[in-house]
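Per the numbering used here, the sequence shown starts with residue 750, numbered consecutively. Report on the structure given below.
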Amino acid sequence: MVKGILKISQTSKIYILKYPVIAIFLILLLFFSSFLKTESYAVATRHHLATDIGMKVLEEGGNAIDAAVAVAFALAVVNPSAGNLGGGGFMLLHLTETNETFSIDYRERAPKMSFEKMFQDNSGNVIKGLSLNSILASGVPGTVSGMFYASEKFGTIDIKSLIDPSIELARKGFVLSNFQAKNLNKYKEKFSKNKEAKKIFTRPKGFSEGDFLVQSNLAKTLERIAQNGKEEFYSGETAKKISKFFQINGGILSSDDLKQYKLRILEPVCGSYRLYKICSMAPPSSGGIAIVQILNILENIDLSKLDHNSEEYLKILISAMDYVYKDRAKYLGDPDFFKIPQDLLTSKKYAHKIYQQIRKNNLPSKVDINIVEGEETTHFSIIDKWGNAVSNTYTLNTAYGSGIIPSGTGILMNNEMDDFSSKPGYPNTYGLVGSEANKIEPKKTPLSSMTPVIVFRDNKPYLITGSPGGSTIITSVLQEILNILDFRMTLEESSKKSRIHFQHLPDILFHEQLDDSLIKSLQRDRKLINRKLGEIHSILYREDDIEAFSDKRRPDGKASSVYK
Ligand code: GLY
């Protein structure tokens, strides 16, 4: 049933015939209900130009999926550190008409020539940097496949017109912000190792705010994709350019890998938290299971009775995080390769047991390494006037991926192979350790922390949210959910609250600005790192209002909404 139109049942028809006054009343109600139909929609993304493109699609009658596809292609141009064609991600989407929620896994797959010890030397030591900055660092990209699937299956507008604005942005260029100029300069050394990346993303004296970034080869690639469809990327001229480059440069990603890329439609992981239903991504993301598990643990206590970010509140959060990341390391990986005890991990009973342990105050074990900071990964949230919603997180892994562009394509390649466990217990760039579940195998998908979320209230999307930040994604999204659901904050209020992050190993408590005495009481003998956590792009849809907000932790984001 289309939102806002009343259906007349058989019983009502009998009443209408018997009572003309009721009939007139019902006709008037029907008439006015069509005016009451909500026309609200919103987009929140990491870059203002991408948000404007998404809003235009919605204004012109496209649905949330159309807008998501246009935004994803736009971010590949205007947010090159994470927006991508050469990476992958997860799209969670809800359709109002059928009340169904789908998730698309378009994450990278390991090339078929990959093997478990490919990043180790003969003595079994992990070779530093090989899984991050080398020709072996890339998985087979899924973004183009994901966007074409979403558009064909759920969209209403020809994909060509959704890619057109991005072609223009790449061809004519766009103005770099101060943040973007500085960020590109920061990675000059990385870009300098690849001829095309050096040409596009470096300048002898560095970039400055207001400079134009033109990406001619990317424009041509996008044009061919718009013209020839996804086959262009997986078996056409673009595929040939990519596989040839990898072959010449000692890589293993082949034309067969590209041809054989397959996305997966997965059942989202859903749970309940107080009045709400929470849905997110199933493995190969750890996000869905982790967020449901941690909310199940926290449901055992009425958090709203505690002061926000008080010592008691944060201690409970840290302990719950510790348990969840412990399970992540042990049990999570690609479900096609490893049997994941999902029912156990997401059960209320298991969470209750953990909560009892937390109450006994068990302390986590200790290891200590550093985690690199990056501008990695990007999330966007969209809702259309019919109430269809998209929560999408996609990435190249670390900022600008491997920094490698196959000649003539303009496409930055991912370094997602680092999300596998290079060796059991050996930490990846986010300090995450893994086990058998996440070892490297041909065609396998590395475990992710990306956590696109849709929270439902009364069966309707209520909060659409997600974040970048590698391993910190899960805990950032968690605190956004708690701030909104338990502490009834607006998105803007929530974004101003300091967040913490704890992931079992290493034994480091990451925190934003917190009171000195509070920090001391949380620290015990734990190492502390004060660091800005990932920026969130959310939409909150209350009955009488829609709020879209792009977190100010990083500049350049934009959230737009129309409430009618
Ligand atoms: N590459 C970061 C993640 O997927 O979690």
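Heads up, the beta-carbon is just placed ideally off N, CA and C, and yes, glycines get one too. Everything numeric in this text was worked out from a predicted model, so none of it was measured.
Per DSSP, the continuous beta strand (DSSP E) segment holding Leu842 begins and ends at Gly837 to Leu844. Contact between the region 840-855 and the region 1135-1145 is established, with three or more Cβ pairs separated by less than 8 Å.
In this chain, the alpha helix (DSSP H) harbouring Ile949 covers Lys944 to Phe950. Under DSSP, Asp854 shares a beta bridge with Phe839 and Arg1013. Each of Arg1248, Phe994 and Gly1215 was checked against the Cα of Glu1261, and the nearest Cα belongs to Arg1248. Relative to Ser1059, the option among Ile1160, Leu1263, Leu885 and Thr1239 whose CA is nearest is Leu1263.
Taking non-hydrogen atoms of the ligand GLY into account, the C-beta of Gly1150 is found less than 7 Å away from none of them. Cα atoms of Glu865 and Glu1190: separation of roughly 6 Å, rounded to the nearest angstrom. In the three-state DSSP reduction, Lys1109 falls in the coil class, being neither helix nor strand.
Checking the 7 Å criterion, the Cβ of Ser1247 is out of range of every heavy atom belonging to the ligand GLY. Around the beta-carbon of Tyr1175, fewer than 16 other beta-carbon atoms lie within 10 Å, marking it exposed. Membership of Gly1037 in any beta strand (DSSP E) is not indicated; the residue belongs instead to the alpha helix (DSSP H) covering Gly1036 to Leu1047. By the criterion of at least three beta-carbon pairs nearer than 8 Å, the region 995-1005 is in contact with the region 882-890.
The nearest non-hydrogen atom of the ligand GLY is 7 Å or more from the C-beta of Thr892. Here Gln964 has Val826, Ala919, Ile949 and Gly1159 as same chain residues with Cβ atoms under 7 Å from its own Cβ, once five neighbours each way along the sequence are excluded.
The DSSP assignment places no complete run of the beta strand (DSSP E) inside the region 973-1003 (cut-off: 3 residues). A direct Cα-Cα distance of roughly 12 Å separates Gly803 from Ser910. Cβ neighbours of Arg973 within its own chain (closer than 8 Å, five residues either side excluded): Glu981, Gly985, Glu986 and Thr987.
Just measuring C-alpha positions, the residue of Leu1145, Cys1019 and Ser1170 sitting nearest Asp1083 is Ser1170. Look at Thr1158 here: in three-state DSSP terms it is coil, with no helix or strand label.
Bounds of any beta strand (DSSP E) do not take in Asp870, whose DSSP letter is neither H nor E. About 12 Å separates the CB atoms of Ile1050 and Ile1103; that is not less than 8 Å, and the two are not in contact. For Leu911, the enclosing alpha helix (DSSP H) has its first and last residue at Ile908 to Lys921.
When only Cα atoms are considered, Phe940 and Gly1037 end up about 34 Å apart. Where Lys1026 is concerned, the enclosing beta strand (DSSP E) starts and stops at Tyr1025 to Ser1029. A direct Cα-to-Cα measurement between Lys1088 and Asp960 gives close to 50 Å. In terms of CA proximity to Glu1296, Ile1233 leads the group Ile1233, Gln1252, Asp1305 and Asp1256. Between Leu1024 and Arg1291, the alpha-carbon positions lie close to 14 Å from each other. Glu945 counts as buried, since no fewer than 16 other beta carbons sit within 10 angstroms of its beta carbon. In this structure, the CA atom of Gln1106 is about 37 Å from the CA atom of Lys1301. Of Lys947, Tyr1022, Ser1184 and Ala823, the smallest CA-CA separation from Ile1153 is found for Lys947. Counting along the chain, Thr794 sits inside the beta strand (DSSP E) bounded by residues Tyr790 to Thr794. Membership of Phe1129 in the beta strand (DSSP E) is indicated by the continuous run Thr1127 to Ile1132.
Contact between Thr1214 and Ile1285 holds: their C-beta atoms lie close to 6 Å from each other, under 8 Å.
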